[in-house]
Structures are given as C-alpha cells and as structure tokens.
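Engineer: Shown below is the structure under consideration.
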Amino acid sequence: MGRLSFRSVTFMFIVAFFVWSSLNVEVCNARRGKHWRQHGTTSSVSLYKKKGKSHGSNNHHKSGGKPKPKYASPPPSTPISPPSKGYDNVPSTNIFDVTNFGAVGDGKTDDTKGSGKGPTTRGYCTQLYPAFLPEAAFQAAWAAACKVEDSTMIVPSKYIFLVGPISFSGPYCQHNIVFQNYMIPNHNTDTSFKYIRKNSRTVTRASLKDCFDEYVSVLQLDGTIIAPTDAKSWGSGIMQWLEFTKLVGITVKGSGVIDGRGSVWWLDTPYDDPLDDELKLIIPLNKTLLRHPPTPLNSSLSGKMPSIKPTALRFYGSFNVTVTGITIQNSQQCHLKFDNCIGVLVNNITVSSPGDSPNTDGIHLQNSKDALIRSSNIACGDDCVSIQTGCTNVYVRNINCGPGHGISIGSLGKDNTKACVSNITVKDVIMQNTMNGVRIKTWQGGSGSVQGVFFSNIQMNEVQLPIVIDQFYCDKSRCKNQTAAVALSDINYAGIKGTYTVKPVHLACSDSMPCQDVTMMNIQLKPIQERYHMYDPFCWQTFGELYTPTQPPIECLQVGKPTSNKIQADHDQC
C-alpha cells in the first residue's frame, strides 16, 4: 500500500506539473497578444475594437452557448496596414493638412516651403505621405494631394500663413482636388461636431483621430493666407501670386481670407499706369479734370516694388473650377482671374479693397466659357466683374458691386487684336456708388464681335454712368484714330433702375461699325446732384429699338439698322 501510495502521489505530481505548464503558456501568449494590441498601429486598434464590439454583441446568443473569441486569429508579427477606405466608404488618406507638412502659421515664417520641422503625423500616417523634404510645407502638401483623386488640402483656421508666389500645378494631378480652410474645434469638449465630408458623407472620429494631431471640421474657418510685402520675394516681377494650372475638378472653398496686402504696391503705382477712360466723362463742378487720383493709402510698408503687379488668385487651363465662401482682399492688382478655363462656378465670395486702389479688378474672365458667378459681394478699385475676349456663356447674377467701376465687357481689341465675346447675361445686380454700371468698352482698330448680351434687373444707387458703350476706349493720354472696330450687336437692357450722378446713358459706337440691335425696356434712372456736371443721354451711331418709354427719354437711339454698315472680312469674324 505504501508503494502504491507513493506511485499515486508521483503520478499526481507529474499530472499537476503538466497542467501548471500548460496554464503558464496560455498566460504568456495572452500577455503577448495584449502587448501587441497596445503597441501596434493606433488606427488598427480603433478599427479592430469597433469591429470586435459589433461582432461580439451580435453573435453571442447565436453560437449555441459558447461565445466567439474577440479576435478570431492571433495577431501578426508586424502591424498591418490600415484599410484603404475608412467609414462610410470615405478614404481618410485623402486629407492633407499643411500644418502636417511643416507650415507654421505664425504670420512671419515663410510657409511656402515651411519651417524645416517636417510632418507631425503619427503612426501609419507618416507612411501615407512620400518622403518630402522637411522644408516643403504648402508645396509638399500639394504634391501629396495632387497624387490622390478626390483629395482635400486643408489650410486650418486660427493660423496666419505667410505664403510667397506659388503655383499649384497639373496636368498630372488627379481629379477633383479640394483646397479648403477649416476650423479646428475644441475636441476635448465638443463631441457632436462632424468631420471632413466627401460627397456629403461624413468621416467619423475613429478614422481621423489616429492620423492628425487635431481633428478637422467642415465648419468653414477664420484662417488667413497673406502675401509678403518685401520686394525681394517678388524678384523682377511675377504675374500671379497664388496660381492653379491645368487641373480638372479643382475647388477652393471655406470662409478663410486671402490677403494680398496690396497697399505697398498701390503706393508705388506710377502716374502712367492705365486709368479708366470713363474718367474723361466725369467733370467736377470746379471744372478740373481728375486724371490722377490721390495716392490710395498711406502705409509704413511702402517701398519700391516691381512694376509688374501680380493677380492674387489665378486659375489657368482648368476644367470644372469652383471658388466658394472665401474672402479675397487688398489684392496687389486683380483679385480673382480665370484664364482658358471651362466650367467655372464662383459662389458666395467676398472681394474687398478700397475704391481708390488702382487696377484691382474683382473677378476677371478671359478665354473662358460656361461660367456662373453669383451671390457675391465685390468692392474694389476697378471693374467688379471684367469679361474679356474669348468668353462665351457667362452668367452673372445676384452680385453686390461697389465701390468699383461696375461690370464690364472689355476692354477689347487693343493693339488691333481680334476679340470674340458672346452669350453674356448680367442679372439681379446692385450697384452702389460705382463709376459705371453696366459697360462695354472696345478699342479703335480691333476686330471680332460682341453679341448676345443681356443686362437685366440692375439697381443703380448713385452711379455716375449707369449704361455705357464706349468704342473709343483709350487708357493712355492719346490714342490713334482708326476705322476698324469690334462689331457690337444684340445688346439688350431691361429693368435698369435707380439714380445717377453724371450721365444716365452714354452710347458711343464706331462710325465704320455702328452698334446694331440695341434694345431698351423699363429704363428708369433719376438724377442726383452731387459734385459733378450732369448731362443728358448721349448716343452715337447706335441703332435699335425702345420697347417702353424711358426716364429720362433716350431719344438719341436710332430706330432700325444702319444704312451703310461695313461688312467685316472673313478673318475678322468670330
């Protein structure tokens, strides 16, 4: 019995040893699994956890009593890559914040290239971006966004980014890139705000928090991009400050500000810079012709700048361009320009510069078609909207213009060039204290045509020259008399009402190429005596029809068609 007892004890001891060893191995493996989950990629954690909770709750009661393990298979030895698409089928890898590429945003550091600190993203996010030079910033963020279709480049709020001349270029970029400013909320207390949206769908907190140091909201921001004011940054002269070229589906949106800080340029404007030729029609009561307005603004930033003044924001050779929500102010010259673009939408933007800032057009279109400009406020020192040669199918609606020089087609035909403009509609516009209202201006010696123009429902409030056609335009001290001209036809005015301070109508057409089919209906313009000489309506070589009585009477418009109209040569026609 003693011997059996000893054997039994020995057997039990061996069994207990194996049981203990087995339990030890399981604990070790469990600890290793826990260790991997803690130190693996953060994004994988958030996605695994969410998946685990969902599957665990749904399958616990369907497995026949025994719940499934939280993870179906042991973790791999190396962290896995994040899924290509986040929640709601929206790629979180499509978001590129300039502050993650070294942009500082202190208003002093040149963020065109950056601080030299490099990206600040964590975990797998660092792998999402190519190995850019650490001093890259705006250039690097664009280079990354350029490679991804439907990408968003973010310029966050609460920062002031000093950016020198830069071109965001294609044509090898992917389509539908968004250049956006966002407001960064307090993510410690705000749990209800939404995040980056793509096609009106929301990316959740889990798919973004692992990639960015700050959460990014679709609420439009207060951020600012400012231009340098030292001459060295501009070299001998650059035609544009911020430029987007050869892109498809480019969008610039947000409620941020692009500030050209143009006063340093305006102060250096020479007296021989082009001036609006309609100044010749505005004679103060003291009979002094004001050809050179006073210097616009005093500024401590004044200094010799290049004679070539840049456009603040320009789009060139692009398709489906959208600009919405932003403010562009104090441009060095033109604020927003579209050149050789097809499919343009400008919506709900603000342009703001002093009325005496020289040659600061609001929106300028050239060689562009299928454009809609609407619901915007424009105050500047030149044309609120300028439509140049090569434009067709342009629709301008619901614009507040003033101060400024009104909405103009032209000038066209300068230096004996050919100009073609057609199918232009300007509707539901308020002009406040502008030089001109709606205007067409062409140079002598030009060729081509302007046809199919409709000015409708325009409210004029203390406008000096509400309705203007000037085919003798000249922004120099003297211009050569020439017989050739851009042909004007099918020009229509309806519902032009309000007050004027100099002359209600000025229609000066070419002797050799008179204006044809000019129609007027419901023109009601009343004079307000201010500090200028006032004049009656004026017409020269203008033919068309009055459909209703006008106030004041426009008796100078000739009914019918001209008897000896010059026929354009084939090469002059559009």
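What the sequence shown shows, in the UniProt record's numbering, is residues 1 to 574, in sequence order.
For each residue, glycine too, the CB sits at the ideal point set by N, CA and C.
Any idea which residues DSSP pairs P284 with across the strands?
Structural biologist: As a first step, residue 284 is located in the sequence shown; it is residue number 284 there, counting from the start. P284 is bridged to Y532.
Engineer: Can you list the beta strand (DSSP E) stretches of 3 or more residues lying completely in the region 401–433, in chain order?
Structural biologist: Listed in chain order, the complete beta strand (DSSP E) runs (minimum 3 residues) inside the region 401–433 are 407–412 and 418–432.
Engineer: Ignore the nearest five residues each way along the sequence and tell me which others in I528's own chain have a CB closer than 8 Å to its CB.
Structural biologist: To locate residue 528, count along the sequence shown from 1; it is residue 528. Cβ within range, chain order: E462, T499, Y500 and T501.
Engineer: Could you pull out every unbroken beta strand (DSSP E) segment of at least 3 residues lying fully inside the region 332–402, listed in chain order?
Structural biologist: Segments of the beta strand (DSSP E) lying fully in the region 332–402: 336–339, 342–347, 350–352, 363–366, 369–379, 385–387 and 391–401.
Engineer: In angstroms with no decimal places, state the Cα-to-Cα distance between N481 and K414.
Structural biologist: Translated into the one-based positions of the sequence shown, residue 481 becomes position 481. Translated into the one-based positions of the sequence shown, residue 414 becomes position 414. Approximately 13 Å between the Cα atoms of the pair.
Engineer: For A484 and D517, what's the separation of their Cα atoms in angstroms?
Structural biologist: For the purposes of this step, residue 484 is taken as residue 484 along the sequence shown, with counting starting at 1. For the purposes of this step, residue 517 is taken as residue 517 along the sequence shown, with counting starting at 1. So the two alpha carbons sit approximately 19 Å from each other.
Engineer: Just to confirm my understanding: we take T112, look at its own chain, exclude 5 residues before and 5 after, and list those with CB closer than 6 Å. What are they?
Structural biologist: Indexing the sequence shown from 1 puts residue 112 at position 112. F138, V163, G164 and I166, listed in sequence order.
Engineer: Which first and last residues belong to the beta strand (DSSP E) in which V505 is found?
Structural biologist: Within the sequence shown, residue 505 is the residue found at index 505, counting from 1. Start and end: V505 to A508.
Engineer: V396: which of G402, Q388, S376 and M521 sits nearest, CA to CA?
Structural biologist: Here residue 396 refers to the residue found at position 396 when the sequence shown is read from its first residue. The candidate whose alpha carbon is nearest that of V396 is S376.
Engineer: Provide the residue span of the beta strand (DSSP E) that contains C539, from first to last.
Structural biologist: Position 539 of the sequence shown, counting from 1, holds the residue named residue 539. Counting along the chain, the beta strand (DSSP E) containing C539 begins and ends at F538 to W540.
Engineer: Measure the CB-CB distance between L242 and L313 and report whether it falls below 7 Å.
Structural biologist: For the purposes of this step, residue 242 is identified with residue 242 of the sequence shown, where counting begins at 1. For the purposes of this step, residue 313 is identified with residue 313 of the sequence shown, where counting begins at 1. Yes; because the gap between Cβ atoms is below 7 Å, this pair is in contact.
Engineer: Applying the criterion that 16 or more other CB atoms from any shown protein chain within 10 Å of the CB defines a buried residue, is residue 585 buried or exposed?
Structural biologist: Residue 585 lies beyond the range of the chain shown here (1 to 574); nothing can be said about it.
Engineer: Can you tell which of A419, T322 and G381 has the C-alpha that lies nearest to the C-alpha of Q573?
Structural biologist: Counted from its first residue, the sequence shown places residue 573 at position 573. Taking only the C-alpha atoms, the option nearest Q573 is A419.
Engineer: Tell me where the beta strand (DSSP E) around Q524 begins and ends.
Structural biologist: What you label residue 524 is simply residue 524 of the sequence shown in a count that begins at 1. Unbroken beta strand (DSSP E) run through Q524: C515 to P527.
Engineer: Please report how far the alpha carbon of T93 lies from the alpha carbon of K147, in whole angstroms.
Structural biologist: For the purposes of this step, residue 93 is taken as the residue at position 93 of the sequence shown. For the purposes of this step, residue 147 is taken as the residue at position 147 of the sequence shown. When rounded, the distance between both Cα atoms is 11 Å.
Engineer: With 16 other CB atoms within 10 Å as the buried threshold, where does G64 fall?
Structural biologist: Here the question's residue 64 lines up with position 64 in the sequence shown. Unreliable positioning characterises G64 in this predicted model, as indicated by a pLDDT of 43, which lies under 50. The coordinate reading is nonetheless provided below. When all chains shown are included, G64 counts as exposed.
Engineer: Is the Cβ-Cβ distance between G317 and K246 less than 7 Å?
Structural biologist: Within the sequence shown, numbered from 1, the residue matching residue 317 stands at position 317. Within the sequence shown, numbered from 1, the residue matching residue 246 stands at position 246. Yes, they are a contact pair.
Engineer: I need the boundaries of the alpha helix (DSSP H) containing V264, first residue and last residue.
Structural biologist: As a first step, residue 264 must be located in the sequence shown, where it is residue number 264. Residues S263 to L267.
Engineer: What does the Cβ neighbour count give for D230, buried or exposed, with the cut at 16 atoms within 10 Å?
Structural biologist: As a first step, residue 230 is located in the sequence shown; it is residue number 230 there, counting from the start. By the neighbour-count rule (16 or more Cβ atoms within 10 Å), D230 is not buried but exposed.
Engineer: Compare the beta carbon distance of G343 and N367 with 7 Å and say whether it is the shorter of the two.
Structural biologist: Taking the sequence shown and counting its residues from 1, the one referred to as residue 343 is at position 343. Taking the sequence shown and counting its residues from 1, the one referred to as residue 367 is at position 367. No, the Cβ-Cβ distance between G343 and N367 is not below 7 Å.
Engineer: To the nearest angstrom, how far is it from the Cα of V248 to the Cα of Q174?
Structural biologist: Counting from one through the sequence shown, the residue named residue 248 turns up at place 248. Counting from one through the sequence shown, the residue named residue 174 turns up at place 174. V248 and Q174: Cα-Cα distance of roughly 8 Å.
Engineer: Can you check the region 475–509 for any beta strand (DSSP E) of at least 3 residues that lies completely inside it and give the ranges in chain order?
Structural biologist: With a minimum length of 3 residues, the continuous beta strand (DSSP E) runs that stay inside the region 475–509 are 487–500 and 505–508.
Engineer: Does S263 pass the burial test, meaning 16 or more other C-beta atoms within 10 Å, or should it be called exposed?
Structural biologist: By 1-based counting over the sequence shown, the position of residue 263 is 263. S263 is buried by the Cβ-count criterion.
Engineer: Just confirm the distance between the C-beta atoms of F101 and S151, as a whole number of angstroms; I'd bet it's less than 8 Å.
Structural biologist: One-based indexing of the sequence shown puts residue 101 at position 101. One-based indexing of the sequence shown puts residue 151 at position 151. At roughly 13 Å, the Cβ-Cβ gap does not stay under 8 Å, so F101 and S151 are not in contact.
Engineer: Leaving out the 5 sequence neighbours to the left and right, which residues in its chain are closer than 6 Å to N416 when beta-carbon positions are compared?
Structural biologist: Counting from 1 along the sequence shown, the entry for residue 416 is found at position 416. Excluding residues within five positions, the ones whose Cβ falls inside 6 Å are G445.
Engineer: Suppose the cutoff is 6 Å on Cβ atoms and the five residues either side in sequence are ignored; what does the same chain contact list for V257 look like?
Structural biologist: Mapped onto the sequence shown, residue 257 falls at position 257. Correct list, in chain order: T224 and T327.
Engineer: Measuring alpha carbon to alpha carbon, tell me which of G254, I523, D511 and I399 ends up nearest V505.
Structural biologist: Within the sequence shown, numbered from 1, the residue matching residue 505 stands at position 505. Out of G254, I523, D511 and I399, I523 has the C-alpha closest to the C-alpha of V505.
Engineer: With distances taken Cα to Cα, identify the nearest neighbour of F538 among M513, P228, Q558 and P549.
Structural biologist: As a working mapping, residue 538 is identified with position 538 in the sequence shown. It is Q558.
Engineer: To which residues of the same chain is S456 closer than 6 Å at the C-beta, ignoring the five residues directly before and after it?
Structural biologist: Residue 456 sits at position 456 when you count from the first residue of the sequence shown. Excluding residues within five positions, the ones whose Cβ falls inside 6 Å are K427, A494 and G495.
Engineer: Closest by CA to A371, which one among P310, P156, F315 and N433?
Structural biologist: Counting from one through the sequence shown, the residue named residue 371 turns up at place 371. Ranking P310, P156, F315 and N433 by Cα distance to A371 puts F315 first.
Engineer: Nearest to F244 by CA position, among K337, S408 and D277, is which residue?
Structural biologist: In the sequence shown, counting from the first residue as 1, residue 244 sits at position 244. Checking every option, the nearest Cα to that of F244 belongs to K337.
Engineer: Judging by CA-CA distance, which residue of W142, E278, E545 and V421 is the nearest neighbour of D382?
Structural biologist: Counted from its first residue, the sequence shown places residue 382 at position 382. It is E278.
Engineer: From this set, G390, P552 and I154, which residue's C-alpha is nearest D339's C-alpha?
Structural biologist: Residue mapping note: residue 339 aligns to position 339 of the sequence shown, counting from 1. Nearest option by C-alpha distance: G390.
Engineer: Where do the N-terminal and C-terminal ends of the alpha helix (DSSP H) with F138 fall, by residue?
Structural biologist: As a first step, residue 138 must be located in the sequence shown, where it is residue number 138. Unbroken alpha helix (DSSP H) run through F138: F138 to C146.
Engineer: What does a CB cutoff of less than 7 Å around H39 pick up in its chain, not counting 5 residues either side in sequence?
Structural biologist: By one-based count along the sequence shown, residue 39 stands at place 39. Any answer about H39 is weak, because its pLDDT of 36 lies below 50 and its placement is not dependable; what the coordinates show is given next. For H39, where only same-chain residues beyond five positions count, there are no Cβ hits under 7 Å.
Engineer: Note down the Cα distance separating G544 from I440, rounded to an integer number of angstroms.
Structural biologist: If you number the sequence shown from 1, residue 544 lands on position 544. If you number the sequence shown from 1, residue 440 lands on position 440. About 16 Å.
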